[in-house]
Structures are given as C-alpha cells and as structure tokens.
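Heads up, the thing below is written out as structure tokens.
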Amino acid sequence: MSDPTTPQEMRDWIHAQYSMATTDEQRSRLLDLHRQLNDSLERQITDPKDLELLRDARRKDYALLLISEAVDQDGNVSPELIARVTEREVREGRMAEDDEMRTLGRIGERLLTNRSPVSPPALGLLKRLFGKAKKRT
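In my numbering, the protein residues as written are 1154 to 1290.
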C-alpha cells in the first residue's frame, strides 16, 4: 500500500499495522494515531447529527482494534486478554476507568478465574446487557 492520503486509507493502514503489531508500544502508537485521525475529523464536522455518527463509528472502531488484540489461539475473545488490554488503555489515558468494555473484561476474568465474587454494580451491568430472565409458569 502506498502512503495513505484519505481518512479511510489512513484508517485501513492503522488496522493493517495493528494486526501485525507485536508489542504494546507499537499498538499504543497506532492507537494514538487512530485518536489523532478521529480528533481531526471531529474538528471538521459542523452538523451535530454527523458528529454523533462519527463518534459512534469511532467508538466501535476503537473497540474493534482492542478486541482484535484479545482473540486467543482458538479464535475466541479472552476476558483475561480484554482485562489486560483495557488496563493498559486506562493506564495510557485512552480509556475511562469505568468504560463498559473494561468492566466486561474484569467481570469475565473474575468469573473464569473465581478470584472474587462479582460486585453488585457488575451484576447491574450484566442485567442491563442480558435482561432479566422471565419466570416460567
């Protein structure tokens, strides 16, 4: 691929490089580029509806990058890897401490490793995600 010149080409380049990255340092640089690209695009948008669409796409694209990093050898998303990746993201300042992806990773890691019981706020998140089970009569 030649040097990217459009936002879409830059996004595709970031994703391609991210899939080949082998260190947290490489991934962090690419995630910073991803943030800079999207910040630049946001500054150019004046329509509130378009801005909300971009922000939604941006969040999903960021999540896609992180999830791609947390896929295990069997092709499954590993809660332990999600927890590790999101911990790095919080430490680097790219993710909020209470981000939903981080919460899910921590819940999954606890459930799989039986480290500690799931806290009431985490249970509330699980109920919101999966809904209340209906009682059978």
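Note that the Cβ used here is the ideal one computed from N, Cα and C, for glycine as well.
- Terminal residues of the alpha helix (DSSP H) in which threonine 1239 lies: 1232-1244
- N- and C-terminal bounds of the alpha helix (DSSP H) containing methionine 1163: 1160-1173
- Task: Go ahead and pull the three-state DSSP assignment for arginine 1289.
- Result: With a pLDDT of only 47 at arginine 1289, under 50, the local geometry of the prediction cannot be trusted, and the value read off the model is given with reservation. Arginine 1289 sits in coil when the DSSP states are folded into three classes, being neither helix nor strand.
- According to the neighbour-count rule (16 or more other Cβ atoms, all chains shown, within 10 Å of its Cβ), is serine 1172 buried or exposed? Answer is exposed; the Cβ neighbour count stays below 16.
- Query: Rounded to the nearest angstrom, how far is the Cβ of alanine 1223 from that of arginine 1259, given a contact under 8 Å?
  - Reply: About 13 Å; that fails the 8 Å criterion.
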